[in-house]
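Remarks on the structure that follows.
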Amino acid sequence: MKTSLWFTILAILFSLSLHSQNFNKKVTDSELNQEILIGYCNRAALQEGEFGEYYLQEYENYDADKQFIEKIYNVEGSIDIVLVLGSWCQDSQEQVPRFYRIMDDVNVPDDVITVICVDRNKTGGELSVEHLGIERVPTFIIYRGGEEIGRIIETPEASLEEDFWNIIK
20 MKTSLWFTIL
30 AILFSLSLHS
40 QNFNKKVTDS
50 ELNQEILIGY
60 CNRAALQEGE
70 FGEYYLQEYE
80 NYDADKQFIE
90 KIYNVEGSID
100 IVLVLGSWCQ
110 DSQEQVPRFY
120 RIMDDVNVPD
130 DVITVICVDR
140 NKTGGELSVE
150 HLGIERVPTF
160 IIYRGGEEIG
170 RIIETPEASL
180 EEDFWNIIK
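Residue numbers (our numbering): 20 to 188.
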């Protein structure tokens, strides 16, 4: 019994260490001659380095439309979001921090947001994103009950909060 428990704990720790090596991974983009994020990442990675400079400025200065914030806040039911971005991309540098500001304003937890960083060819390194059909970044894919209910691609039509509301209402 003790042996199997110990083996299980070791297997879990090994699995976590493998996963963490592919999380918040940075590579050098030879065309841009700069480090970019690739594959799965979290908000903390977006708040570091060059992207972090843009993140802080856009996050702090974004003033979302309060009427849509209130509407989003009052929506019942859960959603999941897949956010595909390029840390090298100007639209991502502008829209992603604004998106997080909105999500924070309506108390959406980070664990319902899956963040995937891609290179200029829209590939996620070792992580396949082909099934998502990404052509431009950032792309915010919103799911309810496991079904995609809408996308915000590159720049919003009206504003992030209004476009988000129009998808989830």
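Ideal Cβ positions, reconstructed from N, Cα and C, are used throughout, including at glycine.
{"Check": "Residue-level contact to chain B via CB, GLU181, 8 angstroms cutoff", "Outcome": "Structure shown: chain B not included; a single protein chain is present."}
{"Check": "Backbone secondary structure at ARG163 - three-state DSSP", "Outcome": "strand"}
{"Check": "Of the listed residues ALA63, ASP110 and ARG139, nearest to PRO175 (C-alpha basis)", "Outcome": "ASP110"}
{"Check": "Distance between GLY58 and ILE88 (C-alpha atoms, nearest Å)", "Outcome": "30 angstroms"}
{"Check": "Buried versus exposed call for VAL137 [16 or more other C-beta atoms within 10 Å across all chains shown]", "Outcome": "buried"}
{"Check": "CA-to-CA distance, LYS85 to LEU37, given in whole angstroms", "Outcome": "No answer about LEU37 holds up, because its pLDDT of 42 lies below 50 and its placement is not dependable."}
{"Check": "Rounded distance between the beta-carbons of ASN61 and ASN41, thought under 8 angstroms", "Outcome": "That belief does not hold up - the Cβ atoms of ASN41 and ASN61 are roughly 12 angstroms apart, past 8 angstroms."}
{"Check": "GLY58 - containing alpha helix (DSSP H), residue span", "Outcome": "From DSSP, GLY58 is part of no alpha helix (DSSP H) but of the beta strand (DSSP E) over 53 to 60."}
{"Check": "Nearest neighbour of GLY164, chosen from SER106, ILE98 and PRO128 [CA to CA]", "Outcome": "ILE98"}
{"Check": "Meets three-Cβ-pair contact criterion under 8 angstroms: the stretch 130 to 147 and the stretch 101 to 110", "Outcome": "yes"}
{"Check": "Near the ligand GTP: GLY144 beta-carbon under 7 angstroms from a heavy atom", "Outcome": "Judged by which ligands are present, the structure shown has none, so any question about the ligand GTP falls away."}
{"Check": "Rounded separation between ASN126 and ARG120 - CA only", "Outcome": "10 angstroms"}
{"Check": "For VAL4: DSSP bridge partner residues", "Outcome": "Missing from the structure shown is residue 4; the chain here goes from 20 to 188 and no further."}
{"Check": "Nonlocal neighbours in the same chain, by C-beta distance under 7 angstroms from ILE186, ignoring five residues either side", "Outcome": "ILE161, ILE168 and GLY169"}
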